[in-house]
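As C-alpha cells, the structure follows; a few thoughts come after it.
There are 2 protein chains.
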Amino acid sequence: MQVIRTIKELRAWRAQRPSVALVPTMGNLHEGHLALVAEARHQAASVVVSIFVNRLQFGQGEDFGAYPRTFDADCAKLEAAGVDVLFFPDEAELYPRVRQDYNVEPPHIQNELCGAFRPGHFRGVATVVSKLLNIVQPDVACFGKKDYQQLHVIQRMVEDLNIPVRIVPVDTGRAGDGLALSSRNGYLDAGERQEAPRLYRNLERIRDALQGGDSNYAALETMACEDLTNAGWVVDYIEVRQADTLEIAHAGERRLVVLAAARLGRTRLIDNVEVTR
Amino acid sequence: MQVIRTIKELRAWRAQRPSVALVPTMGNLHEGHLALVAEARHQAASVVVSIFVNRLQFGQGEDFGAYPRTFDADCAKLEAAGVDVLFFPDEAELYPRVRQDYNVEPPHIQNELCGAFRPGHFRGVATVVSKLLNIVQPDVACFGKKDYQQLHVIQRMVEDLNIPVRIVPVDTGRAGDGLALSSRNGYLDAGERQEAPRLYRNLERIRDALQGGDSNYAALETMACEDLTNAGWVVDYIEVRQADTLEIAHAGERRLVVLAAARLGRTRLIDNVEVTR
Chain V
137 MQVIRTIKEL RAWRAQRPSV ALVPTMGNLH EGHLALVAEA RHQAASVVVS
187 IFVNRLQFGQ GEDFGAYPRT FDADCAKLEA AGVDVLFFPD EAELYPRVRQ
237 DYNVEPPHIQ NELCGAFRPG HFRGVATVVS KLLNIVQPDV ACFGKKDYQQ
287 LHVIQRMVED LNIPVRIVPV DTGRAGDGLA LSSRNGYLDA GERQEAPRLY
337 RNLERIRDAL QGGDSNYAAL ETMACEDLTN AGWVVDYIEV RQADTLEIAH
387 AGERRLVVLA AARLGRTRLI DNVEVTR
Chain S
137 MQVIRTIKEL RAWRAQRPSV ALVPTMGNLH EGHLALVAEA RHQAASVVVS
187 IFVNRLQFGQ GEDFGAYPRT FDADCAKLEA AGVDVLFFPD EAELYPRVRQ
237 DYNVEPPHIQ NELCGAFRPG HFRGVATVVS KLLNIVQPDV ACFGKKDYQQ
287 LHVIQRMVED LNIPVRIVPV DTGRAGDGLA LSSRNGYLDA GERQEAPRLY
337 RNLERIRDAL QGGDSNYAAL ETMACEDLTN AGWVVDYIEV RQADTLEIAH
387 AGERRLVVLA AARLGRTRLI DNVEVTR
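Residue numbers (my numbering), protein chains in the order written: chain V, 137 to 413; chain S, 137 to 413.
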C-alpha cells in the first residue's frame, strides 16, 4: 500500500488507473470501515482510503482535538484489507489558506436532526467530501449508513451538483449486542459500553411497531426517549422520517427511517434503522 | 458541430476525448465569445461551448425573461469557429427538481461590487459553473476578463474546492470606440450606443492616473462618477481594487483593477481595466 500525502501525487497516481473507488474516513478504523473497504474492492480495480480529521465539520466545544488519531494501526488494517492507496493529507494540503472560503451549502436539512445540535457540521462534511471527490476523481465512493443523514446529504449533493461519481451506501456494522460500530465507542467506559446497546434496542422496538402498522410516530418517539432518559441518557432526538428525503413522515408512509442521537456520559452516539412496510 | 442536449450524451462523448476545453456562455454570441473559442482551440484537442441562460444568477426584476436567445445565429457562428460540441441543455436537464438545493456559496466578495446590486448573482454563477465543470469535466475552461469579478469568483472556487480544471482568462474584446463587447449592448438605442464608450474612457483616465503614481483612489472614483452622472448615467459603483484578491486597495498597491458598473437608460453595463505599476 502506497501512502500519498499530496494532491499532486494523488492525481498523478489516479491518472494511471482505469477505475477507482474511494472510502473517505477520519481514521481510527474499525470493522465498519473495513466493510466499506471490502465493498470498494468489489466496485473498482483500485481502492483509495482517505484519512483526514476535518476541522470544518467539528463545532466549537466538540471533540476535534480529542478525536483519536491512530495512524500506525490504521495503516496495518488497510494494508491487510488490500487497499492500494492511503491518501493522508495534512491540514495545509487541504486548507492551504487556513480558511475555506468557498463552501458547499446544503439546504434546510443541514439544520435538522444532527444538524440542529451541530451547527455547520453538514456544510463542513459537504465541502470536504466535494474536495476529496474533486481530488481523487473516483468512479465510486462508499459511505456507511450509520451516518444516515451524512449519506443523504452527500447523495443529494452529488445529484444536485452533477458530481461524476456513484455513491454506494454500506450497511451499518454492529457489535454482537447490536451497538453500531463507531470510533466514538472508544470513549465509553466499561459500564457505559454495557449500557450503550439500549439505543439500538429502542430503534428496533420502534421498527417492529412501524412494521406492525403503527403510525403514531410521536408516541413511539416519546416512549423510546423516556426509556433512554430513565436509564441516564441525554437524548438529542429520536425521529421517524421519510427514508428517501429525510422529510417529516406522514401516517401511512411506506419507506421510513428511525434516526436517533443520544449522549451517554460525555459520548454522543448516533444510530438508525430503515423500515419498509 | 454536434449539438448535445443531455448530460448523459455529453458524458459519453467526453469519455472518448483526450483533452477538452469548455467555454460556458449564455448565448447571443459576439466577437468576445469567439475570442474565448479561439483561445479554447489553442488549449485542447476538442472544444465544447455551452449555452445556458441560468435562471439562478438573475435576480428579481432582472432581465432573465428578456435575455436574448438567438440559437440559430449562435450555431452558425460556433460552427464557423470550429467548435466540436455545443452543449445546449434545457432547464429540466440542469435543474430537474426545479429548485437547486445544494449551492456553492462564495465568501463576502459575493456581496461587494456587482454583488451589492445583484444579491445571489455570484452564488448562482458559482453553482452553475461548478455543475457545468462536473458535467463536461474539461481540462481547461475559458472565461472573459470583462466579467472580472465572475472570473475571480470562479478562479478562487476552483482552487478552494480543488476542482480539476485550469481556468484561462481571456482579454476583453472591444468595439473600435472602446466599448466592451457584451450581449447587453444590444439593448442600447442609437443615442445610448454613441454615449456608451464614456464608461471605458473614464476607466482609461483612472488607469493613466494610477500609472502616473496617483494613489488617491477615492478622488479618482468620484471624478469618474461625476462625469458619468453628468452625462445621464446612473452609476452603481466605480472602484479601484487589488487585482488578485479584489480586496480594498491600499495606497502604493502595485497590481490594481478598476471596476465599474453603470446604467444607461435601462441597460446595465460593466467594464474594468487592470493596472500594473
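Here a beta-carbon is modelled for each residue, glycine too, at the ideal position from N, C-alpha and C. Given the structure is predicted, the values throughout are model-derived calculations rather than measurements.
In whole angstroms, what separates the C-alpha of Asn352/S from that of Val393/S?
The residue you call residue 352/S lines up with position 216 of the second sequence. The residue you call residue 393/S lines up with position 257 of the second sequence. Distance between the alpha carbons of Asn352/S and Val393/S: 14 Å.
According to DSSP, is Ala311/S helix, strand or coil?
Taking the second sequence and counting its residues from 1, the one referred to as residue 311/S is at position 175. DSSP places Ala311/S in coil when its eight states are reduced to three.
Which residues does DSSP pair with Glu241/V in a beta bridge?
For this step, residue 241/V is matched to residue 105 along the first sequence. Glu241/V pairs with Asn239/S.
How is Phe253/S classed by DSSP in three states: helix, strand or coil?
The residue you call residue 253/S lines up with position 117 of the second sequence. Helix.
Rank Asn190/V, Tyr373/V, Gly197/V, Ala360/V by C-alpha distance to the C-alpha of Arg334/V and give the top, closest one.
Locating residue 334/V in the first sequence gives position 198, where the first residue counts as 1. Comparing Cα-Cα distances from Arg334/V to each of Asn190/V, Tyr373/V, Gly197/V, Ala360/V, the minimum goes to Ala360/V.
Here's a check: name, in chain order, each residue in its chain whose Cβ is nearer than 7 Å to the Cβ of Leu146/S, leaving out the five neighbours to either side.
Indexing the second sequence from 1 puts residue 146/S at position 10. Hits under 7 Å: Ile140, Phe223, Ile271, Val272.
Just by C-beta distance, which residues in the region 225-259 of chain V are closer than 7 Å to chain S?
Hits within the stretch, in order: Gln236, Asp237, Tyr238, Asn239, Val240, Glu241, Pro242, Pro243.
At 4 residues or longer, and completely inside the region 159-207 of chain S: list those alpha helix (DSSP H) runs for me, N to C.
Whole alpha helix (DSSP H) segments, 4+ residues: 167-179.
Pro242/S and Phe253/S: beta carbons closer than 8 Å?
One-based indexing of the second sequence puts residue 242/S at position 106. One-based indexing of the second sequence puts residue 253/S at position 117. No.
Quick one: what's got a C-beta closer than 8 Å to Met293/V's C-beta in the same chain, skipping five residues either side?
As a first step, residue 293/V must be located in the first sequence, where it is residue number 157. Closer than 8 Å at the Cβ level, and outside the excluded window around Met293/V, lie Val240, Pro242, Ala262, Val265, Ser266, Ile299.
Please confirm whether Asp380/S and Gln236/V have their CB atoms less than 8 Å apart.
Residue mapping note: residue 380/S aligns to position 244 of the second sequence, counting from 1. Residue mapping note: residue 236/V aligns to position 100 of the first sequence, counting from 1. Cβ distance not < 8 Å, so Asp380/S and Gln236/V don't count as in contact.
Please report the straight-line C-alpha distance between Asn247/S and Leu287/S, rounded to a whole angstrom.
Here residue 247/S refers to the residue found at position 111 when the second sequence is read from its first residue. Here residue 287/S refers to the residue found at position 151 when the second sequence is read from its first residue. Between Asn247/S and Leu287/S, the C-alpha separation is close to 15 Å.
Along chain S, which residues have their Cβ under 9 Å away from the Cβ of Arg480/V?
There is simply no residue 480/V to check, as chain V begins at 137 and stops at 413 in what is shown.
Using a C-beta to C-beta distance shorter than 7 Å, which residues of chain A count as neighbours of Asn298/V?
Structure shown: chain A not included; protein chains present are V and S.
Using 8 Å as the limit for Cβ to Cβ distance, is Ala181/S near chain V?
Taking the first residue of the second sequence as 1, we reach residue 181/S at position 45. Not closer than 8 Å to any Cβ of chain V, the Cβ of Ala181/S fails to qualify, so no.
When the cut-off is 8 Å and only beta carbons count, does Ala262/V lie next to chain S?
In the first sequence, residue 262/V corresponds to position 126, counting from 1. True, the Cβ-Cβ gap to chain S drops below 8 Å.
Can you tell me whether Thr412/V is buried or exposed? The criterion is at least 16 other CB atoms within 10 Å of its CB, across all chains shown.
Position 276 of the first sequence holds residue 412/V. Thr412/V comes out exposed.
List the whole-angstrom C-beta distance separating Ala398/V from Gly309/V, where the pair is believed to meet the contact cut-off of C-beta under 8 Å.
The count along the first sequence starts at 1 and reaches residue 398/V at position 262. The count along the first sequence starts at 1 and reaches residue 309/V at position 173. Incorrect: roughly 19 Å between the Cβ atoms, too far for contact.
The alpha helix (DSSP H) with Thr358/V in it runs from where to where?
Taking the first sequence and counting its residues from 1, one reaches residue 358/V at position 222. Per DSSP, Thr358/V belongs to the alpha helix (DSSP H) from 353-366.
Beta carbon of Glu175/S, beta carbon of Cys278/S: below 8 Å?
Looking up residue 175/S in the second sequence gives position 39. Looking up residue 278/S in the second sequence gives position 142. Yes; because the gap between Cβ atoms is below 8 Å, this pair is in contact.
Report yes if the CB atom of Val301/V is closer than 8 Å to the CB atom of Val276/V, and no otherwise.
Along the first sequence, one-based indexing puts residue 301/V at 165. Along the first sequence, one-based indexing puts residue 276/V at 140. The answer is yes: Cβ separation under 8 Å.
Considering only C-alpha positions, which residue in the set Tyr284/S, Glu383/S, Ser186/S is nearest to Glu410/S?
Here residue 410/S refers to the residue found at position 274 when the second sequence is read from its first residue. Checking every option, the nearest Cα to that of Glu410/S belongs to Tyr284/S.
Do you know how far the Cα of Glu215/S is from the Cα of Met137/S?
Within the second sequence, numbered from 1, the residue matching residue 137/S stands at position 1. Within the second sequence, numbered from 1, the residue matching residue 215/S stands at position 79. Those two C-alpha atoms are separated by around 6 Å.
In this structure, how does DSSP classify Glu410/V when only helix, strand and coil are distinguished?
Locating residue 410/V in the first sequence gives position 274, where the first residue counts as 1. It is a strand residue.
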